[in-house]
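Undergrad: Here's a structure for you.
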Amino acid sequence: MIILAIETSCDDTCISIVEAEKDKGKTKFKVLSNIVSSQVKLHAKYGGVYPTLAKREHQKNLPIILKRSLKEAKQKIDIIAVTAGPGLEPCLWTGINFAQDLAKKLRKLIVATNHIEAHILANFINKEVKNIFPAICLVVSGGHTQLILMKGIGKYKILGETRDDAAGECFDKTARILGLGYPGGPIISKIADPSIKGNLKLPRPMIFQKNYDFSFSGLKTAVLYDFKSRSDKVKHSKKYIQKMATDIQQAIIDVLIYKTLKAAKDFKAKSIILGGGVAANKELKEQFQSAIVKQELKTNLLVPEPRLCTDNALMAAVAGYFQWLKGKKWKKIEANANLRIDEN
Ligand code: KG4
Ligand code: ZN
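Here the sequence shown is numbered in the numbering used here, starting from 1298 and rising by one per residue.
Below, the structure is given as structure tokens:
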């Protein structure tokens, strides 16, 4: 089964061609082509993603990437998978329209995929996974921060989510306050030095509340007030920026780990599954590992390799394969900017 997947939910234009094969009852995914065309440089000027600009870039990039991927894969396609949501609506429609035209032209079946589920299923690429359910999934990206109980593939319940900014958005917005550029996550993590303590006393919003929800806008505001209160000399000094970067990263990590481990204990999870751009953060992964050991939890930690944490179509191909197994006939796919993982 050869799957061609298209992912354009945000600012990366992605196409991947994957072969799914059953081997001794297990499904293996062989990557035939995986292209991510990043628009980061374009949006960096504005400090964030501009949907209409992103849509125009997707329209320009998709035919070029399609040609390249088909050339690389050298295989005939069986089905087409496309991200239907959640994401930026104009961007989603661009991918959907392109995928539907292609499916018509090639006379192939098309399936819709959920971007959050795809981030979770990125953990099934190049990895042997068994005995992992029930799992607690933490999806942390530029647009989402959700804790999800996963009882199996396709069986999800959202336990909690952010009430305002997403974790990635907090990295991006605080980096912007500090004048560090976009996207903020990779830049802040590079500058941060966990061996020092910033001691800027940033808040950990909602950390001890008895729910699985998050809030990051208060953290962003605290960074803004601190930054504004400093003299020009201090706020532009390397030392201050490094302290800030270290503390911002640690505040976000503290909340994510505390809430996720609480959910893992409450639901007796066999594994914790991370996904989304923020899961590419090395310090987050390492601190998750040590917290699991320290709290003596019998829980596996699954984290995709960094390039599979950020947006890509490989994960959409895996999600597409499992959608196809359900046997639903998708006639007309519609973009849904707010698609929920429990309403697939
Ligand atoms: O999953 P993703 O590529 O796109 C969305 O679906 O939103 O996530 C992008 C987000 C951005 O906010 C970016 O700053 C963040 O992921 N990110 C990181 C790192 N790499 C990307 N955040 C923290 N540490 C990183 N290493
Ligand atoms: Zn994403």
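Beta carbons: idealized from backbone N, C-alpha and C, even for Gly.
(1) Pick helix, strand or coil for residue 1362, following the three-state DSSP scheme.
(2) Check whether the segment 1318-1331 and the segment 1347-1359 touch, using three or more Cβ-Cβ pairs below 8 Å as the test.
(3) Counting only runs that start and end within the segment 1449-1480, where is the alpha helix (DSSP H) found for 4 or more residues in a row?
(4) For the alpha helix (DSSP H) holding residue 1606, just list the boundary residues, first then last.
(5) Around ligand 2, which residues pass a check of Cβ closer than 5 Å to any of its heavy atoms?
(6) Alpha carbon to alpha carbon, how far is residue 1622 from residue 1408? Give it in angstroms, no decimals.
(7) Kindly identify the DSSP beta-bridge partner or partners of residue 1317.
(8) CB of residue 1462 to nearest heavy atom of ligand 1: below 7 Å?
(9) May I ask whether a heavy atom of ligand 1 can be found less than 7 Å away from the beta carbon of residue 1423?
(10) Determine the DSSP secondary structure at residue 1584, reduced to helix, strand or coil.
(11) Where residue 1605 and residue 1433 are concerned, what is the direct C-alpha to C-alpha distance, given to the nearest angstrom?
(12) Would you mind reading off the limits of the alpha helix (DSSP H) that contains residue 1633?
(13) Pull up the CB-CB distance for residue 1552 and residue 1438, whole angstroms please, since I reckon it's below 8 Å.
(14) Would the beta-carbon of residue 1441 fall within 8 Å of that of residue 1388?
(15) Pull the bridge partners of residue 1482 from the DSSP assignment, please.
(16) In whole angstroms, what is the alpha-carbon distance linking residue 1486 and residue 1307?
(17) Do three or more CB pairs link the segment 1562-1569 to the segment 1528-1542 at distances below 8 Å?
(18) Excluding sequence positions up to five away, which residues of its chain have a Cβ less than 6 Å from the Cβ of residue 1414?
(19) Do you know how far the Cα of residue 1527 is from the Cα of residue 1588?
(20) Could you say if the segment 1450-1458 and the segment 1578-1593 meet the contact criterion of at least three C-beta pairs nearer than 8 Å?
(21) Is it right to say residue 1417 is buried, meaning 16 or more other beta carbons lie within 10 angstroms of its own, or is it exposed?
TA: So, from the listed chains and residues:
(1) Here residue 1362 refers to the residue found at position 65 of the sequence shown. Helix at residue 1362.
(2) no
(3) 1464-1474
(4) As a first step, residue 1606 is located in the sequence shown; it is residue number 309 there, counting from the start. Segment 1603-1606, the alpha helix (DSSP H) holding residue 1606.
(5) 1438, 1608
(6) Taking the sequence shown and counting its residues from 1, the one referred to as residue 1408 is at position 111. Taking the sequence shown and counting its residues from 1, the one referred to as residue 1622 is at position 325. Each residue's alpha carbon lies about 10 Å from the other.
(7) Counting from one through the sequence shown, the residue named residue 1317 turns up at place 20. DSSP, once it has assigned bridges, lists 1326 as partnering residue 1317.
(8) Here residue 1462 is taken as the residue at index 165 of the sequence shown, counted from 1. Not so, every heavy atom of ligand 1 lies at least 7 Å from the Cβ.
(9) Here residue 1423 corresponds to residue number 126 of the sequence shown, with the count starting at 1. It does not: the Cβ of residue 1423 is nowhere closer than 7 Å to a heavy atom of ligand 1.
(10) Numbered from 1 along the sequence shown, position 287 holds the residue referred to as residue 1584. Residue state, collapsed to three classes: helix.
(11) Taking the first residue of the sequence shown as position 1, residue 1605 is located at position 308. Taking the first residue of the sequence shown as position 1, residue 1433 is located at position 136. The straight-line gap from Cα to Cα measures roughly 19 Å.
(12) As a working mapping, residue 1633 is identified with position 336 in the sequence shown. From DSSP, residue 1633 is part of no alpha helix (DSSP H); its letter is neither H nor E.
(13) As a working note, residue 1552 is residue 255 in the sequence shown. As a working note, residue 1438 is residue 141 in the sequence shown. That belief does not hold up - the Cβ atoms of residue 1552 and residue 1438 are roughly 16 Å apart, past 8 Å.
(14) Locating residue 1441 in the sequence shown gives position 144, counting from the first residue. Locating residue 1388 in the sequence shown gives position 91, counting from the first residue. No, they are not a contact pair.
(15) For the purposes of this step, residue 1482 is taken as the residue at position 185 of the sequence shown. DSSP output for residue 1482 lists no bridge partner at all.
(16) Numbered from 1 along the sequence shown, position 189 holds the residue referred to as residue 1486. Numbered from 1 along the sequence shown, position 10 holds the residue referred to as residue 1307. Roughly 22 Å separates the two Cα atoms.
(17) no
(18) Locating residue 1414 in the sequence shown gives position 117, where the first residue counts as 1. 1616, 1638.
(19) Within the sequence shown, the letter at position 291 stands for residue 1588. Within the sequence shown, the letter at position 230 stands for residue 1527. So the alpha carbons of these two residues sit roughly 34 Å apart.
(20) no
(21) Residue 1417 sits at position 120 when you count from the first residue of the sequence shown. Label assigned to residue 1417: buried.
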